[in-house]
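Visitor:
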Amino acid sequence: MLNPYTSPIERIWYYALRILCALILLFLVLPVLVIVPLSFNSGSFLVYPLQGFSLQWYQDFFHSAEWMRALKNSMIVAPAATLLAMGFGTLAAIGLTRGNFPGKALVMALVISPMVVPVVIVGVASYLFFAPLGLGNSYTSLILVHAVLGVPFVIITVSATLQGFNHNLVRAAASLGASPLTAFRRVTLPLIAPGVISGALFAFATSFDEVVVTLFLAGPEQATLPRQMFSGIRENLSPTIAAAATLLIGFSVLLLLVLEWLRGRSEKLRTAQ
20 MLNPYTSPIE RIWYYALRIL CALILLFLVL PVLVIVPLSF NSGSFLVYPL
70 QGFSLQWYQD FFHSAEWMRA LKNSMIVAPA ATLLAMGFGT LAAIGLTRGN
120 FPGKALVMAL VISPMVVPVV IVGVASYLFF APLGLGNSYT SLILVHAVLG
170 VPFVIITVSA TLQGFNHNLV RAAASLGASP LTAFRRVTLP LIAPGVISGA
220 LFAFATSFDE VVVTLFLAGP EQATLPRQMF SGIRENLSPT IAAAATLLIG
270 FSVLLLLVLE WLRGRSEKLR TAQ
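Under this note's numbering, the first residue of the sequence shown is numbered 20, with each subsequent residue one higher.
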């Protein structure tokens, strides 16, 4: 609340700042939310004003063989890629945060480079690598490349969690006779779990939303939900795309809520240490 003794200039600045923040928030959210009402439109075109309320396009989505195949593919590729990214990313983060070694900065830059390299370059390079091996249109290549895109997120979140990790706990476990594997499973993993899960959720979202790499590596049978949406926009613009997009928005919001809960839990664990 404003102090009753603030000057007029301070009051103007107080309200101007909040109005500016509200406008920026509206600018960021409005382009995303504008698609939601269109998914409930009874009309056959993605235009305003709405002609009426209908769940027809959601029914078309769940009764379409193509959309259901794309959803099934996404639910196969994204979890598999997430598991790989979670395993490799966690091990890499632990190795990179334990002590110093020559070339550590270079290794860190290499493992997080998929975050900064344009995805189209990753797609082209992946296709040129997997196509001669006969894996150009396969789940294998798609899962592996999606995992590569997700690894940097796991490394960053787990590394951040390890910054506040008390390594004396591991030493205490070792002094009591615990093997390195047991100490990791019983001591390290439970404490870094929020970082691991946060990174895994980012990796899952990255894989689930990825379309560029999928265009290069997936055939019609491996088409994921984002690729099906992309094809629908190019070939047959239907409000069913708006229904699919609304479902993805809801899924993304759910992921953000889980991430926020994990962030709070991680802060509590760090304070408890």
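Positions of the beta carbon are idealized from the N, C-alpha and C atoms, including for glycine. These figures come from a predicted structure and were not determined experimentally.
If you reduce the DSSP assignment to three classes, tell me which class Asn60 lands in.
Guide: Under the three-state reduction of DSSP output, Asn60 falls in the strand class.
Visitor: Return the chain-ordered ranges of every alpha helix (DSSP H) run that is complete within the segment 99-171 and spans a minimum of 4 residues.
Guide: 123-130, 138-149
Visitor: Assign Ala41 to one of two classes, buried (16 or more other C-beta atoms within 10 Å of its C-beta) or exposed (fewer than that).
Guide: exposed
Visitor: Between which two residues does the alpha helix (DSSP H) holding Gln78 run?
Guide: 75-82
Visitor: Just list the residues that DSSP pairs Phe72 with in beta bridges.
Guide: Asn60
Visitor: Hey, Thr180 and Pro213: beta-carbon distance below 8 Å or not?
Guide: Their beta carbons are under 8 Å apart, which means Thr180 touches Pro213 by this criterion.
Visitor: Whole angstroms is fine: what's the gap from Gly6's alpha carbon to Ser157's?
Guide: Outside the modelled stretch of the chain, which goes from 20 to 292, sits residue 6, for which no answer is possible.
Visitor: Nearest to Gln182 by alpha carbon, out of Ser250, Ile113, Phe59?
Guide: Ile113
Visitor: Taking Cβ to Cβ, would you say Ser83 is nearer than 8 Å to Ser73?
Guide: Their beta carbons are not under 8 Å apart, which means Ser83 does not touch Ser73 by this criterion.
Visitor: Is the segment 98-116 touching the segment 157-174, taking contact as three or more C-beta pairs under 8 Å?
Guide: yes
Visitor: Let's test the definition: count the other Cβ atoms within 10 Å of the Cβ of Arg246 and tell me whether it reaches 16, buried, or not, exposed.
Guide: buried
Visitor: Could you work out which residue in Lys123, Val136, Val164 is closest to Ser145 when comparing CA atoms only?
Guide: Ranking the options by Cα distance to Ser145, first place goes to Val164.
Visitor: Exposed or buried, Pro258, counting other C-beta atoms within 10 Å across all chains shown (16 or more means buried)?
Guide: With 16 or more other Cβ atoms within 10 Å, it is buried.
Visitor: By the DSSP assignment, the alpha helix (DSSP H) with Val29 in it spans what residues?
Guide: According to the sequence provided, residue 29 is Glu. The question's Val does not apply to it. Run containing Glu29: 27-52, per the alpha helix (DSSP H) assignment.
Visitor: According to DSSP, is Glu85 helix, strand or coil?
Guide: helix
Visitor: Ordered along the chain, which non-local residues of its own chain (more than five positions away) have a Cβ less than 6 Å from that of Ala219?
Guide: Thr101, Met105
Visitor: Given a cut-off of 8 Å on the beta-carbon distance, is the pair Ala111 and Val96 in contact?
Guide: no
Visitor: Inspect the beta-carbon positions of Leu236 and Phe149 and report whether they are closer than 8 Å.
Guide: With a cutoff of 8 Å on beta-carbon distance, Leu236 and Phe149 are scored as near each other.
Visitor: Let me know the secondary structure DSSP gives Gly214 once reduced to three states.
Guide: helix
Visitor: In angstroms with no decimal places, state the Cα-to-Cα distance between Gln78 and Ala263.
Guide: Going by the C-alpha atoms only, they are around 11 Å apart.
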